[in-house]
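Residue numbers (the working numbering): -18 to 100.
Dropping the structure here:
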């Protein structure tokens, strides 16, 4: 009789561990999807601000380093950008795209997530 309870407990524990593993993966995928959505929203906002302020010439390279026009500084402080962990934004060398990288280990790590948008 005791062996039945032990087997039942072992099965219950293994089932709960399996649910924990799947639940953790689902939560991770949800966080990545939300962050990617925030990045896409931020890049659309950047493209819109660029059109509103009629700025055709942007210097290729990193953004949000404090020497940009005021509208770029305001964009860098927007909730879409600041909600991403360790975010880096840059204009591509040919000034045709904005590229955002972010991640818990930093924006230059191997596990960094990347999104880009044509300007």
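In this text, a Cβ means the ideal position worked out from N, Cα and C, and glycines have one as well.
What number of angstroms, rounded off, separates the C-alpha of residue 81 from the C-alpha of residue -5? 40 Å
Looking only at its own chain, which residues have a Cβ that is under 8 Å from the Cβ of residue 59, when we skip the five neighbours before and after it? 23 and 26
Which listed residue (35, 49 and -16) has its alpha carbon closest to that of residue 41: 49
For the putative contact between residue 97 and residue 72, defined by C-beta atoms under 8 Å, what is the C-beta separation to the nearest angstrom? Between residue 72 and residue 97 the Cβ distance is about 10 Å, and since that is not below 8 Å, they are no contact.
Pull up the DSSP beta-bridge partners for residue 83, would you. DSSP links residue 83 through a beta bridge to 94.
Among the candidates 61, 36, 57 and 67, whose CA atom is the shortest distance from the CA of residue 44? 57
By Cβ distance below 6 Å, which residues in the same chain neighbour residue 64 in space, the five residues on each side in sequence not counted? 19
Would you mind sorting residue 90 into buried or exposed? The rule is 16 or more other CB atoms within 10 Å of its CB. exposed
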